[in-house]
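**Q** Got a structure for you, questions after.
Protein chains: 2
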Amino acid sequence: MTATALYEQILRKQSFLCVGLDSDRRQLPACLSDDAEPLWAFNKAIVDATAAYAVAYKPNTAFYEVAGAAGWQQLEKTVRYIRRQHPDIFIIADAKRGDIGNTSQRYAEAFFDTLDVDAVTLSPYMGRDTIQPFLEYPGKWAVLLALTSNASSTDFETLTVDGGSTVYETVLQKSKEWGTVDNTMYVVGATQAALLAAIRKIVPQHFLLVPGVGAQGGSLEEVACYGMNDRCGLLVNISRDILFADSSGGFAAAAAAKAQEWQEKMALLMGNGESASRLSIQNP
Amino acid sequence: MTATALYEQILRKQSFLCVGLDSDRRQLPACLSDDAEPLWAFNKAIVDATAAYAVAYKPNTAFYEVAGAAGWQQLEKTVRYIRRQHPDIFIIADAKRGDIGNTSQRYAEAFFDTLDVDAVTLSPYMGRDTIQPFLEYPGKWAVLLALTSNASSTDFETLTVDGGSTVYETVLQKSKEWGTVDNTMYVVGATQAALLAAIRKIVPQHFLLVPGVGAQGGSLEEVACYGMNDRCGLLVNISRDILFADSSGGFAAAAAAKAQEWQEKMALLMGNGESASRLSIQNP
Chain E
4 MTATALYEQI LRKQSFLCVG LDSDRRQLPA CLSDDAEPLW AFNKAIVDAT
54 AAYAVAYKPN TAFYEVAGAA GWQQLEKTVR YIRRQHPDIF IIADAKRGDI
104 GNTSQRYAEA FFDTLDVDAV TLSPYMGRDT IQPFLEYPGK WAVLLALTSN
154 ASSTDFETLT VDGGSTVYET VLQKSKEWGT VDNTMYVVGA TQAALLAAIR
204 KIVPQHFLLV PGVGAQGGSL EEVACYGMND RCGLLVNISR DILFADSSGG
254 FAAAAAAKAQ EWQEKMALLM GNGESASRLS IQNP
Chain R
4 MTATALYEQI LRKQSFLCVG LDSDRRQLPA CLSDDAEPLW AFNKAIVDAT
54 AAYAVAYKPN TAFYEVAGAA GWQQLEKTVR YIRRQHPDIF IIADAKRGDI
104 GNTSQRYAEA FFDTLDVDAV TLSPYMGRDT IQPFLEYPGK WAVLLALTSN
154 ASSTDFETLT VDGGSTVYET VLQKSKEWGT VDNTMYVVGA TQAALLAAIR
204 KIVPQHFLLV PGVGAQGGSL EEVACYGMND RCGLLVNISR DILFADSSGG
254 FAAAAAAKAQ EWQEKMALLM GNGESASRLS IQNP
């Protein structure tokens, strides 16, 4: 998917909502406890309930790997289902992978060919070698960790390196030369919203994947204020607040209501009149 | 497994060889091409052939994920087989995971409970949050990326941060306070052998997992010279040089011969008389 196609979907749905499929088996509704494939059953219901309000889904691999091969199979079923039912929706495997040359190629193949998602999150620690193979798939995306939403992001990400930039700023500066705005995004935590303005100076045109709104306490309004660019440029991820809005048999309806709430907030922040005029914007 | 138990196995086998199960399906011997589970068939033969010479196995998850759920299943079978046949051998999932709190706990559970390996490689980029859950499993290990063997390790790992240390030195300095020598190891590439002496000043007692000897060109002698401590302190990983020593039906015998060659070199570097006396060394 190109950045333009993603932006057009955002305008159409008036939403930049990414639903994080962090389908923690310990938090699933009790009504699914006897299901042979509870992660898949849960995800199917969540996707059916929220697809009208979301432009992206982001399953985090940890919640599938914890169930072993059976979990991986439920992840595969989920991705295939989204692809079939909602071919325009962007799918991000939140895997935070990162390995060297030969091995990194196999990860790219695992996520882009075998699993067939649109994007995968990657850790930049080991440098360009770990990212390059993902950039060689037309229409697919590498989503690099930049400044994350957790407390210990200050351990290494925000250290100052020679020249006065932080580690995460150096990640942005170097890696934006490796790919394009059509195959590279960055993870920036919503809990760091005040820093989004500075980040936008380094990567004005790139899409940012923003976790941390909702359960983690980040503000959607601040993220939009500091992070939005003239083609939206944001995918804001909400997981728990939607997935576990209700633990009864009515969990899917509750998830739909929550997703709609977020979508409506996003539509307001996008500004309707302005957004409609943007539909005519061409690829830069 | 404690560091002492690992060291005792090293002395017993006169080997600090870790066999990297980077079982790339494209490089498997042709005789396995009709096998329904070629990764598992290959791994079983490799383990049977090399277990006498190795103290550790290190499957890299990329080569299993590329085959989807079926690949993950073959990884599980491999780990179960090693556990059953060779309960003293140390198993490292080379997964380079790294995620925050809640999610990181699920990864720890995925690797230590579900898959049941002894250790997992982790990316330190996001800081302590990503490592802590792995340190809370008695007898299990977190293996942190420090200075890797790839060319682009200079992109971020070797940048100088405030105070004059590099990023990877800062990773060592901070993270050694999070765990102990019984639950934390570091990845240091053999292609960086000259830097091992400096690394040993920061982490004199920790085990180092050293890839890059063999196909990547690192020298075993230099690694031993600069990296060995008084309890060996090294696991040197060899993958392709052993796994793909021969592409015929005799691949397992060729792998055994190669593994034995490496073990014999390691025995010489350990020094027999000296090693025997080390058997009496107590846990520091």
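Quick note, the sequences are listed as chains E and R, same order. Under the working numbering, the first residue of the first sequence is numbered 4, with each subsequent residue one higher. Under the working numbering, the first residue of the second sequence is numbered 4, with each subsequent residue one higher. For each residue, glycine too, the CB sits at the ideal point set by N, CA and C.
#1: DSSP three-state call for Y140 of chain R: helix, strand or coil?
#2: For S18 of chain R, which residues of its own chain have a beta-carbon under 6 Å away from its beta-carbon, when the five flanking residues on both sides are left out?
#3: From the DSSP output, in three-state form, read off G339 of chain E for me.
#4: Considering only their Cβ atoms, is the gap separating N153 of chain E from D27 of chain R smaller than 9 Å?
#5: Could you check whether the Cβ of K177 of chain R sits closer than 9 Å to any Cβ belonging to chain E?
#6: Could you check whether the Cβ of L162 of chain R sits closer than 9 Å to any Cβ belonging to chain E?
#7: Do S126 of chain R and R100 of chain R have their CB atoms nearer than 9 Å?
#8: Between L118 of chain R and G71 of chain E, which are expected to be in contact by the criterion C-beta below 8 Å, what is the C-beta distance as a whole number of angstroms?
#9: In chain order, what residues of the region 124-137 of chain R put their CB closer than 8 Å to some CB of chain E?
#10: Does any residue of chain E have a CB that is nearer than 9 Å to the CB of F159 of chain R?
#11: When the Cα of L272 of chain E is compared with those of E:L35, E:A227, E:F159, E:P62, which residue comes out closest?
#12: So that I know if they touch, is there some Cβ in chain R lying closer than 9 Å to that of Q76 of chain E?
#13: With distances taken Cα to Cα, identify the nearest neighbour of T53 of chain R among R:W75, R:G74, R:I85.
#14: Among E:A44, E:M129, E:I92, E:E40, which has the Cα closest to the Cα of E11 of chain E?
#15: Which partner residues does A59 of chain R have in the DSSP bridge list?
#16: Would you kindly work out how many angstroms separate the C-alpha atoms of W75 of chain R and K177 of chain E, rounded to a whole number?
#17: Decide if the region 155-171 of chain E is in contact with the region 131-141 of chain R; the criterion is three or more beta carbon pairs, one per stretch, under 8 Å apart.
#18: Across which residues does DSSP place F210 of chain E in a beta bridge pair?
#19: DSSP state of V146 of chain R, grouped into three classes?
#20: Would you mind sorting K143 of chain R into buried or exposed? The rule is 16 or more other CB atoms within 10 Å of its CB.
#21: Whose Cβ in chain R lies nearer than 7 Å to the Cβ of S156 of chain E?
#22: Look at G192 of chain R and L150 of chain R and say whether their C-beta atoms are less than 9 Å apart.
#23: Please determine, among E:H209, E:N186, E:P214, E:D165, the residue with the shortest C-alpha to C-alpha distance to T5 of chain E.
#24: Please name the residue, chosen from R:S242, R:G166, R:S250, that lies closest to V50 of chain R on a Cα-to-Cα basis.
#25: For G104 of chain E, return the contacting residues in chain R, with the cut-off set at a CB-CB distance below 8 Å.
#26: Quick check on T163 of chain E: does DSSP put it in helix, strand or coil?
**A** Quick answer:
#1: What you label residue 140 of chain R is simply residue 137 of the second sequence in a count that begins at 1. In this structure, Y140 of chain R counts as coil in the three-state DSSP scheme.
#2: Residue numbering aside, residue 18 of chain R sits at position 15 when the second sequence is read from its first letter. Sequence-distant partners of S18 of chain R (beyond 5 residues in either direction) whose C-beta falls short of 6 Å from its own C-beta, in its chain, are Y56, V58, Q266, M269.
#3: Since the displayed chain E opens at 4 and closes at 287, residue 339 of chain E lies outside it and no answer follows.
#4: Start at 1 with the first residue of the second sequence, and residue 27 of chain R comes out as number 24. Start at 1 with the first residue of the first sequence, and residue 153 of chain E comes out as number 150. Inclusion of D27 of chain R and N153 of chain E in the CB contact set at 9 Å is not warranted, their separation being larger than that value.
#5: Position 174 of the second sequence, counting from 1, holds the residue named residue 177 of chain R. Output row for K177 of chain R: interface = yes.
#6: In the second sequence, residue 162 of chain R corresponds to position 159, counting from 1. Closer than 9 Å to the CB of L162 of chain R there is at least one CB belonging to chain E.
#7: For the purposes of this step, residue 126 of chain R is identified with residue 123 of the second sequence, where counting begins at 1. For the purposes of this step, residue 100 of chain R is identified with residue 97 of the second sequence, where counting begins at 1. Contact: yes.
#8: The residue labelled residue 118 of chain R in the question sits at position 115 within the second sequence. The residue labelled residue 71 of chain E in the question sits at position 68 within the first sequence. Confirmed, Cβ separation roughly 7 Å.
#9: Correct list: S126, P127, Y128, M129, G130, R131, D132, T133.
#10: Working through the second sequence from its first residue, we reach residue 159 of chain R at position 156. At a cut-off of 9 Å between C-beta atoms, F159 of chain R counts as an interface residue with respect to chain E.
#11: As a working mapping, residue 272 of chain E is identified with position 269 in the first sequence. Minimum Cα distance to L272 of chain E is reached at E:A227.
#12: By 1-based counting over the first sequence, the position of residue 76 of chain E is 73. Yes, Q76 of chain E counts as interfacial toward chain R.
#13: Indexing the second sequence from 1 puts residue 53 of chain R at position 50. Nearest of R:W75, R:G74, R:I85 to T53 of chain R, Cα basis: R:I85.
#14: As a position in the first sequence, residue 11 of chain E is number 8, starting the count at 1. Comparing Cα positions, the closest option is E:I92.
#15: Stepping through the second sequence from its first residue, residue 59 of chain R is reached at position 56. According to DSSP, A59 of chain R bridges with R:C21, R:F93.
#16: Start at 1 with the first residue of the second sequence, and residue 75 of chain R comes out as number 72. Start at 1 with the first residue of the first sequence, and residue 177 of chain E comes out as number 174. So the alpha carbons of these two residues sit roughly 34 Å apart.
#17: yes
#18: The sequence position of residue 210 of chain E within the first sequence is 207, counting from 1. According to DSSP, which records beta bridges pairwise, F210 of chain E is partnered with E:M188.
#19: Here residue 146 of chain R refers to the residue found at position 143 of the second sequence. Note: V146 of chain R maps to strand in three-state DSSP.
#20: On the second sequence, residue 143 of chain R is found 140 positions in, with the first residue counted as 1. Label assigned to K143 of chain R: buried.
#21: Locating residue 156 of chain E in the first sequence gives position 153, counting from the first residue. Residues of chain R passing the Cβ test: M129, G130.
#22: Along the second sequence, one-based indexing puts residue 192 of chain R at 189. Along the second sequence, one-based indexing puts residue 150 of chain R at 147. A distance below 9 Å separates the beta carbons of G192 of chain R and L150 of chain R.
#23: Working through the first sequence from its first residue, we reach residue 5 of chain E at position 2. Looking at the Cα atoms, E:N186 is the closest of the given residues.
#24: Here residue 50 of chain R corresponds to residue number 47 of the second sequence, with the count starting at 1. Among R:S242, R:G166, R:S250, the Cα nearest to that of V50 of chain R belongs to R:S242.
#25: Here residue 104 of chain E corresponds to residue number 101 of the first sequence, with the count starting at 1. Those are N153, listed as they occur along chain R.
#26: In the first sequence, counting from the first residue as 1, residue 163 of chain E sits at position 160. The answer is strand: DSSP assigns T163 of chain E an E or B state.
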